[in-house]
DNA sequence: TCAATTGTTGACCCATGGGACAATTTTTAG
DNA sequence: CTAAAAATTGTCCCATGGGTCAACAATTGA
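Spelled out as structure tokens, the structure:
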């Protein structure tokens with residue numbers, strides 16, 4: 001029946017604990033002991049389920065990314081028009097549960113490791129590729145073909161920039177301001193949406 | 196005469212070494228010994244000139260920021276029109292010597308520490324405030340007053356997003372692509388520049 | 001029921017790195 | 001020229017944290 005059920009539960013708990021500790025402590029401060037304690041377990045158990053620290057945080061990043069992906073998919077499923085698909089992608093990225101300073105801190109810490117951790121780099125690439133593909137499929141119906149790539153890069157970069165700014169807590173950026181900024185961009189860059 | 200001349204020279208060497216080590220090793224990997232070695236000195240000397248690791252990297256961030264600021268100022272001094280001022284700000288941020296993956300790595304590592312290092316947070320705030328002020332002073336002549344803030348936030352966020360993307364080396368972003376993206380934004384967002 | 005598997009713990013090891021410090025050399029100023 | 005100040009080094013200390021391991025507990029399935 002349930003193969004390794006406890007094992008899967010434990011692994012999920014630890015991935016989540018890892019991500020949560022990351023939010024407050026950063027990569028260097030996120031020690032195995034803190035993660036274990038945060039999950040209500042002992043340090044030994046962490047290394048029982050994950051080969052090493054890198055692997056643990058790799059899975060933490062995977063899970064956080066999966067949650068974002070699900071949010072996008074769910075909204076995309078409800079979207080009917082290209083315009084709604086575009087809105088779905090953007091609004092998912094700014095959902096309240098994700099667009100939080102502490103969550104951004106964790107992402108920032110992970111991104112900072114990307115240059116030295118090929119596994120994290122791979123995940124990051126997948127994230128960007130999916131975002132690009134989602135955007136292009138919506139933009140294809142709203143813009144001339146030769147403008148889609150530029151607009152897609154503009155949208156992702158803007159999202160990333162706003163996330164970064166939230167993580168740095170510079171200028172008191174709020175969710176509403178970020179969404180307004182995205183709408184401002186679309187209104188000017190994708191004329192088919194205006195009006 | 197020269198008060199503590201050697202001291203200033205040494206401090207600059209160490210700040211630069213710190214930033215360079217940061218590019219390759221990240222914050223955790225950038226040990227005092229590596230920084231010292233990179234500067235051709237001993238570990239002891241680092242702690243002779245800087246109270247501790249945080250202070251060293253705080254000064255490294257200050258210096259990197261000062262270089263960027265100088266580049267902006269120099270270009271701004273040559274700019275005659277608001278349009279040229281806008282271009283000056285943007286082009287300085289994408290100068291070849293700055294817009295390098297390794298440089299972005301170092302910035303990313305510093306940004307990731309911002310939430311836990313008030314000193315770094317202060318520097319970051321100054322950077323953003325200066326950028327905003329520079330942009331607003333140029334945009335004031337190109338846009339209706341009630342649109343300036345939005346455009347300024349859009350431009351900085353876009354710049355940050357493109358920098359982040361360069362640091363993550365996702366999608367093979369080049370300097371030219373980044374500049375094209377900025378021009379694309381301005382062309383659509385600031386009609387006074389079109390044509 | 002009972003072996004085998006799986007989960008869990010805490011103790012231990014050890015490399016690392018930040019930081020203190022005393023000792024030594026070099027520079028500066030009177 | 002010389003004493004004070006500054007620069008520099010290498011050594012030492014110690015906390016930390018990643019990772020190993022042996023022992024123990026629980027679960028499972030036959």
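Protein chains in written order, with our numbering: chain D, 1 to 195; chain P, 196 to 390.
Heads up, the beta-carbon is just placed ideally off N, CA and C, and yes, glycines get one too.
Annotated as distal: residue 109/D and residue 37/D, with beta-carbon spacing of 9 Å or more. Sequence-distant Cβ neighbours of residue 132/D in its own chain, meaning closer than 6 Å and more than five residues away, are 152. The beta carbon of residue 188/D sits closer than 9 Å to some beta carbon of chain P.
When the alpha-carbon of residue 381/P is set against those of 277/P, 317/P, 322/P, 316/P, the nearest one is in 277/P.
Proximity of chain D to residue 295/P at the Cβ level (cut-off 7 Å) is not reached, the minimal Cβ distance being about 12 Å.
If you look at residue 128/D, you'll find it in the alpha helix (DSSP H) that goes 118 to 139. Contact annotation for residue 111/D against chain P: 303, 307, 359, 362, 363 [CB-CB distance below 8 Å, chain order]. At a cut-off of 9 Å between beta carbons, residue 227/P makes no contact with chain D. Residue 181/D is a Cβ neighbour of residue 345/P, given a cutoff of 9 Å. Taking one beta carbon from each stretch, the segment 235 to 250 of chain P and the segment 198 to 211 of chain P have 3 or more pairs nearer than 8 Å; the two touch. Residue 293/P sits away from residue 373/P, with the two beta carbons spaced by 9 Å or more. Burial of residue 75/D is indicated by the presence of at least 16 other C-beta atoms within 10 angstroms of its C-beta. Contact note: residue 38/D does not reach chain P at a C-beta cutoff of 8 Å; the least C-beta distance is about 17 Å. Taking CB atoms only, residue 125/D has a neighbour in chain P less than 9 Å away.
When Cβ-Cβ separations below 9 Å define contact, residue 115/D makes contact with chain P.
Residue burial is scored here from C-beta neighbours: residue 77/D has fewer than 16 other C-beta atoms within 10 angstroms and is therefore classed as exposed. When rounded, the separation of the alpha-carbon atoms in residue 249/P and residue 301/P is 14 Å. Only residues of its own chain outside the window of five on either side were considered, and among them 213, 245 have a CB closer than 6 Å to the CB of residue 251/P, listed in chain order.
Take residue 343/P, set aside five residues on each side of it, and the residues of its chain with a beta-carbon closer than 7 Å to its own are 331, 334, 335, in chain order. Around residue 315/P, the same chain offers 253, 256, 305, 308, 309 as residues with beta carbons nearer than 7 Å, after the five sequence neighbours per side are excluded.
In this structure, the beta-carbon distance from residue 298/P to residue 283/P does not fall below 9 Å.
It is roughly 13 Å from the alpha-carbon of residue 184/D to the alpha-carbon of residue 341/P. The C-beta of residue 161/D has 16 or more other C-beta atoms within 10 Å across all chains shown, which makes the residue buried. Between the C-alpha atoms of residue 192/D and residue 144/D there is a straight-line separation of about 11 Å. Between residue 159/D and chain P, the shortest Cβ-Cβ separation is below 9 Å. Its chain contains 297, 300, 301 as the residues whose beta carbon lies nearer than 6 Å to that of residue 218/P, once the 5 sequence neighbours on both sides are disregarded; these appear in chain order. Chain order gives the chain D residues near residue 323/P as 170, 171, where near means a beta carbon separation below 7 Å. The residue among 170/D, 43/D, 117/D with its C-alpha nearest the C-alpha of residue 32/D is 43/D. Residue burial is scored here from C-beta neighbours: residue 312/P has at least 16 other C-beta atoms within 10 angstroms and is therefore classed as buried.
Listed in chain order, the positions of the segment 210 to 225 of chain P with a beta carbon within less than 8 Å of a beta carbon of chain D are 220, 221, 222, 223, 224. For the options 359/P, 281/P, 211/P, 259/P, the alpha carbon positioned closest to that of residue 337/P is the one of 281/P.
Residues of chain P with a Cβ closer than 8 Å to the Cβ of residue 150/D are, in chain order, 375, 376, 379.
Chain D places no beta carbon closer than 9 Å to that of residue 256/P, leaving this residue out of the contacts.
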